[in-house]
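Below you'll find the structure, written out as structure tokens, and then a few comments.
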Amino acid sequence: MGHLYTNSPMPGQANKSNNSSQPNPLQKARFLLSAPDLAHATADRGYEVAFAGRSNAGKSSALNVLVNQKSLARTSKTPGRTQHLVFFELDEEHRLVDLPGYGYAKVTPKVQQHWRETMEAYLANRQALRGIVLVMDVRHPLTDYDQQMLAWCDYNNMPVHILLTKADKLKRGPAQNTLLKVRRELAGYPNTTVQLFSSLKKQGVEEARLQVLGWLGMV
Ligand SMILES: Nc1nc2c(ncn2[C@@H]2O[C@H](COP(=O)(O)OP(=O)(O)O)[C@@H](O)[C@H]2O)c(=O)[nH]1
Ligand SMILES: [Mg+2]
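With the first letter of the sequence shown counted as 1, position 88 gets the number 87 in numbering that gives the first Met the number 0; the numbers rise by one all the way through.
Okay, structure coming up:
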């Protein structure tokens, strides 16, 4: 499978940082490599934050908004296209990782097994990994696979920040109710935070960026 990511320059993007006059250090993100498994990953050094989520939840869109680039991570209406770990670098010591999407109905048991093994190994062994951004569609939070990710992260003492994305699809009241409900359900996971997010409306972008930059040791 060819990699689905480009690294084309985005002229005119530089100062459109979501109504914020703050410089965005994530904007430097560049495609580094796409790895089918941990053995092919980039050297395990420095700091890394990884993005996980069910296929089609809005993970690539969230990544693009956070780095303020239109198409660093390819977005798609066809879920489940890549099972690779895709590494983007800010500099030699700081990376973002797009983890394989999960929960896509059409994948074979063999692919699912590979996903489980890769995720378990990555969460357990990756020294550079400082936190997981777990992207969920606000209308379908905490699927079985999300719960599996939360349990693995908890087991490995890996902090998690949940983006309840596509918040623009709900009215303010129902969105807030979902946020509170998810927060309640996460009471057993002390190292987990959650916020509303919308890539479309650029809602919650600064909050999410600060979390990522904090984990990367850049604020
Ligand atoms: N309305 C709305 N649609 C979104 C949002 N984020 C992503 N989408 C759409 O959801 C679909 C899947 O998004 P993508 O980022 O490719 O999901 P991924 O499979 O998790 O990487 C695409 O059609 C996106 O345009 C959002 O915040 N609001
Ligand atoms: Mg994607």
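Here a beta-carbon is modelled for each residue, glycine too, at the ideal position from N, C-alpha and C.
Check: Where does D90 land, buried or exposed, given buried means 16+ other C-beta within 10 angstroms?
Finding: Taking the sequence shown and counting its residues from 1, one reaches residue 90 at position 91. D90 counts as exposed, since fewer than 16 other beta carbons sit within 10 angstroms of its beta carbon.
Next item on the list: Evaluate the contact criterion for the segment 90-106 versus the segment 55-62: three or more CB pairs, one atom per stretch, below 8 Å.
Entry: As far as the Cβ criterion goes, the segment 90-106 touches the segment 55-62, which means the pair count is three or higher.
Margin query: Which runs of the alpha helix (DSSP H) at least 4 residues long sit entirely within the segment 134-159? Give them in chain order.
Written below: The qualifying runs are 143-154.
Notebook entry, point to check: Which residues mark the beginning and the end of the alpha helix (DSSP H) in which Y121 is found?
Noted result: Numbered from 1 along the sequence shown, position 122 holds the residue referred to as residue 121. Annotation: the continuous alpha helix (DSSP H) that includes Y121 extends over P108 to N124.
Check: In chain order, what residues of the same chain lie with their CB nearer than 8 Å to the CB of A207, ignoring the 5 residues before and after it?
Finding: The residue given as residue 207 occupies position 208 in the sequence shown. Setting aside the 5 residues that flank it on each side, A207 is surrounded in the same chain by A61, L65, V132, H160, L162, Q194 and F196, each with a C-beta closer than 8 Å to its C-beta; the list follows chain order.
Checklist line | Where G213 falls: helix, strand or coil (DSSP) | finding: As a working mapping, residue 213 is identified with position 214 in the sequence shown. In this structure, G213 counts as helix in the three-state DSSP scheme.
Next item on the list: Note down the Cα distance separating Q126 from D36, rounded to an integer number of angstroms.
Entry: If you number the sequence shown from 1, residue 126 lands on position 127. If you number the sequence shown from 1, residue 36 lands on position 37. Distance between the alpha carbons of Q126 and D36 is about 16 Å.
Check: Can you name the start and end residues of the beta strand (DSSP E) that V181 belongs to?
Finding: Here residue 181 refers to the residue found at position 182 of the sequence shown. For V181, no beta strand (DSSP E) encloses it; the enclosing alpha helix (DSSP H) starts and ends at R171 to E184.
Next item on the list: Kindly indicate which residue of K168, L25 and T41 has the alpha-carbon position closest to the one of N63.
Entry: For this step, residue 63 is matched to residue 64 along the sequence shown. Looking at the Cα atoms, L25 is the closest of the given residues.
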